[in-house]
Amino acid sequence: MKRRLKVTEIFTSIQGESTHAGKPCAFVRLAGCNLNCTYCDTAYSKSLSHGKWMSLPTILAKIRKAGIKLVEITGGEPLLQAGTPALCKALIRAGFEVLVETNGSLDVSVLPNGAIRILDCKCPDSGEAASTDTSNFGRLARTDEIKFVVSGRKDYLYTRRMIAEWRLDRITPNILISPVRPKLDPARLAKWMLADRIPARMQLQIHKIIWHPEKRKV
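Now the structure itself:
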C-alpha cells in the first residue's frame, strides 16, 4: 500500500540530533522496526499494531499545518514501509527539507535525491552490529550523515575502526558519535575523541536535556 503508511505519531519539536540539532522540526514517526537494540528509546513504535494507517495527502496536510520546513521521517525503521520513498518525494516537491533516520540495515538507495539520509551504524553493545548493511556506505552522498551510538569503550573503538576501515570521513564530513546516557559520560567520550583527533563530532540528544528523557513527542 504505497499510498498509505502506518504512523505512530506526528509532532513538532526541537531537532535533538544530527547536524540540524537545535532547529524546530516536524516529525513523522512510522511504526515497525526489524531490530532490537538494547538502548532503544522508542520501543512503543516497534510494532505495526500500535500505528494508524494514514494516506500521503493526510500526512502532508498535517505537516503543512505544522508550519515548519524541516521534516524528519523516523521510526521504528522508516524503510520497512514501501510508501516511505513516495512520502519523501511528496514532501520535497512541497518545498520541505527532508531527513530520514534509518537503522542502516536496509537499502537506502530507495530514497529519492534530495532526502538526507541519517544512517545509524550499529555498535556491538546495541546487539545489532551484524545488521548493518555496509553496502549503504557506498550509497551515501556528501550531504548525508552517519551516526554511531556508543555505550562504552568497546563501542568507541569499534566506531574508530569503522571510520578508518571504510574511510567514512571521505564519504561524508557528517559523522556523529552519540553517548548512551547514563552508561557513558559525555566527558569521557570527549576525552577519547580529543586524544584520537577522530574526524567526527559528538552529539548529545538535546531534546532529552530540554525535556524529561522519557517524555513522548519531543
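Here our numbering is used: the first residue of the sequence shown is 1305, the next is one more, and so on. Built from N, CA and C at the ideal position, the CB exists for glycine as well. Just so we're clear, the structure is a prediction, and the values are computed from it rather than from any experiment.
Item	Value
Less than 8 Å between the beta carbons of Thr1447 and Ile1420, yes or no?	yes
How many Å lie between Arg1457 and Arg1397 at the Cα?	43 Å
Using 8 Å as the threshold, is the C-beta distance between Ile1479 and Asp1473 below it?	yes
Report back the beta-carbon spacing between His1354 and Thr1312 to the nearest angstrom; my notes put them in contact at under 8 Å.	6 Å
Quick one: is Lys1487 buried, meaning 16 or more other Cβ sit within 10 Å of its Cβ, or exposed?	exposed
Helix, strand or coil for Ala1504, going by three-state DSSP, please let me know.	coil
According to DSSP, what are the bridge partners of Cys1329?	Ser1317
Under 8 Å by Cβ, that's how I've got Met1466 and Pro1490 pegged, so tell me the actual separation to the nearest angstrom.	No, Met1466 and Pro1490 are not in contact; Cβ-Cβ is about 20 Å, not under 8 Å.
For Ser1435, name the three-state secondary structure that DSSP assigns.	helix
DSSP state of Arg1397, grouped into three classes?	helix
Would Gly1380 pass as a contact of Gly1336 if the rule is Cβ separation under 8 Å?	yes
Is it right to say Asn1440 is buried, meaning 16 or more other beta carbons lie within 10 angstroms of its own, or is it exposed?	buried
What residue range does the beta strand (DSSP E) around Arg1421 cover?	Ala1419 to Asp1424
Below 8 Å on the Cβ atoms is my guess for Ser1317 versus Phe1331; work out the distance and round it to an integer in Å.	6 Å
What separation, rounded to the nearest whole angstrom, lies between the Cα atoms of Gly1326 and Phe1315?	16 Å
Within the continuous alpha helix (DSSP H) that includes Leu1480, where are the two ends?	Leu1480 -> not in any alpha helix (DSSP H); beta strand (DSSP E) instead, spanning Ile1479 to Pro1483.
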